[in-house]
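Q:
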Amino acid sequence: MAVALETINLVKRFSGIVASNNVSLQIAKGARHALIGPNGAGKTTLINLLTGVQRPTGGRILLDGEDITSLSTHERVRLGIVRTFQINQLFNDLTPLETIGLAVSERRGQGLDWWRIVGSRPDLVAEVVEILERFHLADVIDKRTAVLPYGKQRLLEIALAIACRPRVLLLDEPAAGVPEDERHEILAAVAALPADVTVLLIEHDMDIVFSFADRISVLVNGALFVEGSPEEVARDPRVKAVYLGEEVADA
Amino acid sequence: MLTILFDGIAYGMLLFVLASGLAVTLGLMNFINLAHGSFAMAGGYVTVILVNRLGVPFFASLPIAFLASAVIGFVFERALYVHVYKKPHLDQVLFSIGLVFMSVAAADYVMGSGQIFVQIPKFLQGQFEIYGIGIGRYRLLIIVICGLLTVALQFILANTRFGSRLRAAVDDSRVARGLGINVNWVFALTFAFGSGLAGLGGALGAEILGLDPTFPLKFMIYFLIVVTVGGTSSITGPFLASLLLGIGDVAGKYYVPTLGSFVIYTIMIVVLIWRPQGLFSRAASR
Amino acid sequence: MLPPPIAIRVATEWLAARARWQPLEVGFWIVAFAAIWLFPDRHLILTEIAWLGLFALSLDLILGYAGIISLGHAAFFGLGAYTAALLAKYEIINEPVLALLVAGLAAMALGFVTSFLVLRGSDLTRLMVTLGVALLLRELANRLGWLTGGADGLQGVSIKPVLGMFRFDMFGHTGYAYSLIVLFILFLIARRLVNSPFGLSLLSVKGNPLRASAIGISVDGRLIAIYTVAAGFAGIAGALLAQTTSFASLEVFSFDRSADLLLVLIIGGAGYLYGGLIGAIIFKFMQDYLSALTPQYWPFWIGLVLVVIVMVGRDRITSWTAPFRRIASHLNWRALARHVAASSSERR
Ligand SMILES: Nc1ncnc2c1ncn2[C@@H]1O[C@H](COP(=O)(O)OP(=O)(O)OP(=O)(O)O)[C@@H](O)[C@H]1O
Ligand SMILES: [Mg+2]
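Residue numbers (the working numbering), protein chains in the order written: chain A, 822 to 1072; chain C, 124 to 409; chain H, 2 to 349.
1) Within 7 Å of any Cβ in chain H, is that where the Cβ of residue 1012 of chain A sits?
2) How many Å lie between residue 263 of chain H and residue 252 of chain H at the Cα?
3) Does any heavy atom of ligand 1 sit closer than 6 Å to the C-beta of residue 351 of chain C?
4) Residue range of the beta strand (DSSP E) that residue 1049 of chain A falls in?
5) Indicate whether at least one CB of chain A lies closer than 7 Å to the CB of residue 218 of chain H.
6) Of all the beta strand (DSSP E) runs that stay within the bounds of the stretch 875-915 of chain A, which reach a length of 3 or more residues?
7) Within the present structure, is the beta-carbon of residue 906 of chain A separated from the nearest heavy atom of ligand 1 by less than 6 Å?
8) With DSSP collapsed to three states, give me the class of residue 1005 of chain A.
9) Below 6 Å, is the gap between the Cβ of residue 1037 of chain A and the nearest heavy atom of ligand 1?
10) Cβ-heavy atom distance between residue 131 of chain H and ligand 1 below 6 Å?
11) Less than 6 Å between the CB of residue 865 of chain A and some heavy atom of ligand 2, yes or no?
12) Go ahead and pull the three-state DSSP assignment for residue 216 of chain H.
13) Would a C-beta distance cut-off of 7 Å place residue 72 of chain H and residue 250 of chain H closer than the cut-off?
14) In angstroms with no decimal places, state the Cα-to-Cα distance between residue 66 of chain H and residue 230 of chain C.
15) Does DSSP put residue 828 of chain A in a helix, a strand or coil?
16) Decide if residue 869 of chain A is buried, meaning its Cβ has at least 16 other Cβ atoms within 10 Å, or exposed.
17) So with Cβ pairs under 7 Å, would you call residue 208 of chain H a contact of chain A?
18) DSSP puts residue 159 of chain C in a beta bridge; with which residues?
19) Quick one: which chain H residues come within Cβ less than 8 Å of residue 210 of chain C?
20) Can you name, in chain order, every residue of its own chain whose Cβ lies under 7 Å from the Cβ of residue 278 of chain C, other than the five neighbours on each side?
21) Quick one: residues in its chain with C-beta nearer than 8 Å to the C-beta of residue 969 of chain A, no 5 flanking neighbours on either side, listed in chain order?
22) Nearest CA to the CA of residue 136 of chain H: which residue from H/257, H/45 and H/286?
23) Could you please give the first and the last residue of the uninterrupted alpha helix (DSSP H) stretch that includes residue 946 of chain A?
24) Looking at residue 368 of chain C: is its Cβ nearer than 7 Å to the Cβ of residue 396 of chain C?
25) For the beta strand (DSSP E) holding residue 1019 of chain A, just list the boundary residues, first then last.
26) Compare the beta carbon distance of residue 912 of chain A and residue 993 of chain A with 7 Å and say whether it is the shorter of the two.
27) With distances taken Cα to Cα, identify the nearest neighbour of residue 997 of chain A among A/1027, A/844 and A/949.
28) Would you mind giving the Cβ-Cβ distance between residue 296 of chain C and residue 226 of chain C, rounded to the nearest angstrom? I have them listed as a contact below 8 Å.
29) Put residue 59 of chain H into one of helix, strand or coil per three-state DSSP.
30) What residues from chain H crowd round residue 926 of chain A, counting only those whose CB sits closer than 7 Å?
31) Measuring from the CB of residue 860 of chain A, is there a heavy atom of ligand 1 at a distance below 6 Å?
32) Between which residues of its own chain and residue 221 of chain H is the CB-CB distance below 6 Å, once the five residues before and five after are set aside?
33) Comparing C-alpha positions only, which one of H/269, H/311 and H/300 sits nearest to residue 320 of chain H?
34) Would residue 239 of chain C count as contacting chain H if we go by Cβ distances under 7 Å?
35) Specify the secondary structure class of residue 408 of chain C as computed by DSSP and reduced to three states.
36) Which residues in chain H have a C-beta closer than 8 Å to the C-beta of residue 214 of chain C? List them in chain order.
In structure tokens:
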């Protein structure tokens, strides 16, 4: 099994809280890996560490065996580690067309072009339009992002990550807050990702997790608690106790 | 040498009293009030008018200067500042610069553009020596008054009901509201109190710093240094920063007069590169 | 599954519409150039408007497009002014255009170095640092009296003819034409820049730096770049002042100048390039009028205008500039963009 992304004894301490506690996680190439755990378990923090948004207190992060712990966020994006955010992080004053255009020109290394008018590269525009259509955003390409309905914003959030052509995609609760009947658009987009893209999915909805994942890690209080195939995790009594137990009780 | 240290401490403590109100408004409301010096200037001019023109005793004029500036601060807070708290920093900057310019021109109109000194009582003039250290009487007075104020301030913040409400409002104004604390009222009183302190500082400092209509402009950078270098998470940070600034400035001007204010600006820039959150702020240790 | 050509075309045109010249813009520049012949007796104030407009344009690049608040933009303006004046005084570079370029490069170098100071920290630390740098330079110019003339300013500067042909005159005829041409060229560059992918990425950095970095944009890199460019623009504006007045004094670095500049930009509105130019026109005529009444209390009126603008709301004050902000083009293209929606739903 080739490992795409790996953490070694990753620690993140906030004043008083240990949000990541010696996390050693391996995500295989092309995996559909799910990360679950109760609220405040440190899932988002782990993604923040993997993408360089936050600096770890200790430990290392490897991509394809190379140490990337000291790289900045944008450098990691160039290496192919791309994420979405649990809470939308979009450009409120830009349109979806401009937003996706930004990501695509950046990926092509044309983001520093200052003498060229935006939109003067037909192939780039074609790619942008294709992404917008794939994510059902074609009808709102010229609307300010701030005025889009939440479901559309959520789609844009994910489309923006896809536009970066990730090799490793980290999805932080992509369907959070999206009404039941609009979820399938997002899930379909995730399912349609090329098989060689490695995906780490954070999700609370167990139906989604078990239909998606080929491997599941459970995080509790910042530490890796259990890891295994969906069947193993589903059977594990400890998981039932701390996590699935709650879910079942809720249902 | 020690005389310089002494002068520097006096200067630094004065700066602290001048700027402490700014530290609180900044920490409390995340409001950038560049016009803080205008309230200090108001206190200075009130003292000048009282002492020089009306013959009020110097010590009686100090509390009046405090009250006058506090009242002015209160009125401005209620009338104008409240509308700007929620606006972006750019608006706060524009607004408070506007106030600075208006106060500068107004002071010029009312008091004339020249530098004015307060007539301090005879027994405060001159200096005496202890163990070879020249100690200016007036500076000693400043240290005593400002030291007492600092202790009082610390006590109010740490031990009184108002202090705990203030801290609650600083930590999370929404939660504080939920607890039934009238945050607006806390803001207004704090602002008034901070302006009053600035006014008192202006009154005390008129003698040392010099008082003219450009006072708010000249000392804007000093106040900013105190709050950015000291941080706003505690009262100790700005206090230490003030002392450092005071001693550094006095010593710099004494030992390397040709460099003038270079020393201070350079130190400030270096500190901010090294620790953008401030030298003594809690955030910096994270 | 390629999108239909019409969708691509519409998207392309919609993007291009951002950069299309509006009739109002064209009119603006025609009037500005016509003023060379139409208002010969106003050339002195028009020259001041030209360099002030350029200076404000420079601030717009960092404030309106990158969101950096500066209280010390005069640092670059002043450095440009002193560079140009010194080059002429000591006859190092006699040709004004070349000296202008050197002044701009010097300011760019300073901008590059100091940009690292504004990367980190909050708005407050940025205010401090920018203010500090300007004060530092002012102090420097003051101390280097043997070179700069200290507090008296740099006197006895004589500026040679532009390109060896056009002599500066006391009525500002050459000065205005020269400043306007420089302003126009730099405006074209700025216009190109903000409508490019680079300009778009600045807006993204200003709007949401966290996300900008998460799509691979080097936030620091962009800020350094635009800060450096803007510093160059400010330096050239300062050089224009020095060349058209044959003088440079400590006042070029003053805090009032940086603060006035903020006002200039805010009157016209930030973030669409014309704000600085429109603001410069209003500001200069206002100054002309008010300081004729009471020169000493001019700061009072500046202050009052600032306070009023903030209390009323910046957007409301500058809403009349909307036609310049290309609202019209957005509306036109909105209709076309619906075709995209129509064509894509047809295919399904
Ligand atoms: N910037 C921060 N400063 C201090 N504490 C933080 C910070 N970010 C997260 N935490 C704390 O770290 C812990 C883990 O938070 P995290 O957001 O990673 O949880 P999560 O597993 O993503 O939860 P959720 O399912 O609610 O999204 C929480 O206790 C949180 O309060
Ligand atoms: Mg989370």
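Just so it is clear, CB atoms sit at the ideal spot from N, CA and C, and this is done for glycine as well.
A: Looking at the coordinates:
1) The C-beta of residue 1012 of chain A comes no closer than 7 Å to any C-beta of chain H.
2) Between residue 263 of chain H and residue 252 of chain H, the C-alpha separation is close to 17 Å.
3) no
4) 1044-1049
5) yes
6) 879-884 and 902-904
7) Annotation for residue 906 of chain A indicates a beta carbon at 6 Å or more from all heavy atoms of ligand 1.
8) Helix, per DSSP.
9) no
10) no
11) yes
12) If DSSP states are grouped into helix, strand and coil, residue 216 of chain H belongs with coil.
13) Contact check for residue 72 of chain H against residue 250 of chain H fails: the beta carbons are separated by 7 Å or more.
14) 37 Å
15) The answer is strand: DSSP assigns residue 828 of chain A an E or B state.
16) buried
17) yes
18) Paired residues: none, contrary to the question.
19) 311
20) none
21) 917, 961 and 977
22) H/257
23) 943-955
24) no
25) 1019-1023
26) no
27) Of A/1027, A/844 and A/949, the smallest CA-CA separation from residue 997 of chain A is found for A/1027.
28) No, residue 296 of chain C and residue 226 of chain C are not in contact; Cβ-Cβ is about 29 Å, not under 8 Å.
29) helix
30) 198
31) For residue 860 of chain A, the Cβ falls inside the 6 Å cut-off from some heavy atom of ligand 1.
32) 120
33) Per the Cα distances, H/269.
34) no
35) Low confidence applies to residue 408 of chain C: its pLDDT is 33, below 50, so where it sits in the model is not reliable enough to give any reading.
36) 311 and 315
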